[in-house]
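Colleague: In our numbering, the protein residues as written are 10 to 184. Just so it is clear, CB atoms sit at the ideal spot from N, CA and C, and this is done for glycine as well. The structure displayed is predicted, hence computed values, not measured ones. There's a structure below that I have some questions on.
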C-alpha cells in the first residue's frame with residue numbers, strides 16, 4: 010500500500026513539474042527568437058581596496074524581453090572560489106539599456122591579485138547574450154579609469170551581489 014502511495018506521489022510530482030516548465034518552442038512563440046546582445050562594455054582594470062567597481066554595459070534585444078544580468082566573479086584561476094549573482098532588469102530596460110552595475114567588495118582588506126568577471130544577459134525566452142569577460146586587479150594605487158565619453162549613460166542598473174572568499178588569490182583567506 011505504501012509503495013502505491015509513494016509511486017502515486019512521485020508520478021503526481023513529475024506531472025506537476027512538467028506542467029510548470031514551458032518548452033523552448035513555447036517560450037520563443039511567446040517572447041520571440043532574438044537573443045540579447047551586449048553592444049558595448051567597459052570596466053576599469055584596476056581599483057583600490059574599499060572602492061566600488063563600476064561595470065558599464067550597453068545591451069539590446071529586438072524582442073524587448075531581456076530579464077536579468079548574470080554575473081560570475083572569481084580569482085584569476087577559475088574554480089571553487091567563484092561566485093554568481095543575478096541582477097533583475099527593470100521593465101523600461103528590457104528592450105535596451107545603458108548604464109552601470111556596481112560591486113563593493115568591502116573595505117576591510119584581504120582582496121589582492123587578479124579577478125575575472127563574466128557577464129551575460131538573459132531574456133524571457135531563455136536566450137543568452139554572448140559572454141563578456143573583464144579583468145580586475147586590486148592595487149594600492151589603482152585608480153579607476155573613467156568610461157569612454159559619450160558611450161554609456163551614467164545610470165545605475167543595479168548591484169552585483171557577490172561575496173567571494175577573500176584571499177582566494179593571495180589575501181588572508183578569510184570570509
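(1) So, at 6 Å on beta carbons, what are the nonlocal neighbours of residue 107 in its own chain, with the 5 sequence-adjacent residues on each side left out?
(2) Is residue 34 helix, strand or coil by DSSP?
(3) Based on DSSP bridge pairs, tell me the residues matched to residue 108.
(4) Residues bridged to residue 145 by DSSP?
(5) To the nearest whole angstrom, what separates the beta carbons of residue 109 and residue 65, a pair I think is in contact under 8 Å?
(6) Just to confirm, is the Cβ distance from residue 137 to residue 58 under 8 Å?
(7) Assuming residue 112 contacts residue 171 under a Cβ cut-off of 8 Å, what Cβ separation, rounded to an integer in Å, is found between them?
(8) What did DSSP end up calling residue 163 once you bin it into helix, strand or coil?
(9) Look at the Cβ atom of residue 55, then the Cβ atom of residue 115, and state whether they are nearer than 8 Å.
Modeller: On the basis of the supplied data:
(1) 67, 161, 162
(2) helix
(3) 66
(4) 124
(5) 5 Å
(6) no
(7) 6 Å
(8) coil
(9) no
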